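To keep things clear, I will list the structure first and then write my remarks on it.
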Amino acid sequence: MRIVPYPLALVKSIVGAPDLLRVRPALNTFLAGYLRKFPAMEIGGRTILHSHLPPLNSKAYARFVRAHFIDRVAGPSHAQVAVTNACPQKCPICYNRDRDGVPLSANEVKNAVRGLVDLGVVCSGSRAANRFFSANCGDSRHGR
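The opening position of the sequence shown corresponds to residue 4 in the working numbering, with each subsequent residue numbered one higher.
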């Protein structure tokens, strides 16, 4: 893991999503400023800004740019997917700390994620969900 200098992160985001060259200059100015606010990290060949965006050099980021900046899909771009309600951490500040209920089946979770993808979601900030889909659905990127 290493920090990626801002100019290189900016280049990687454009190479990863060439449609950025098609958006209004004001939007690119905003995105460049946004990129400066977070230190981009290189992890496993992926340039990651934070958990609410796909890696800047990924197909998911290109889908995000295309869907929300070119095609103007009105749905959300990001969703957190909790595949269990049985977190053992019991963090004192967590709103979900003492929650109980019946866990969803693999098919129920997969169908929920498909619905999110149909709304325009291109990224899940949950590594547990990615592991879940790898094991149960065959595709950790978007449950398809």
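Positions of the beta carbon are idealized from the N, C-alpha and C atoms, including for glycine.
Since the structure is predicted, the reported quantities are computational estimates derived from the model, not experimental observations.
Start-to-end residues for the alpha helix (DSSP H) that takes in residue i
i	result
R117	109-122
L38	28-39
Simplified DSSP assignment, three categories, for residue i
i	result
V7	strand
R49	strand
H71	helix
A77	coil
A65	helix
A12	helix
Exposure label - residue i; buried when at least 16 CB within 10 Å
i	result
A65	buried
A43	buried
M4	exposed
N114	exposed
N60	buried
G19	buried
L119	buried
* Segment contact flag, the segment 51-60 with the segment 22-30, C-beta cutoff 8 Å, min 3 pairs -> With the cut-off at 8 Å, the segment 51-60 and the segment 22-30 do not touch.
* Asked: So, do the segment 24-39 and the segment 65-81 have three or more beta carbon pairs nearer to each other than 8 Å?
  -> Yes, the segment 24-39 touches the segment 65-81.
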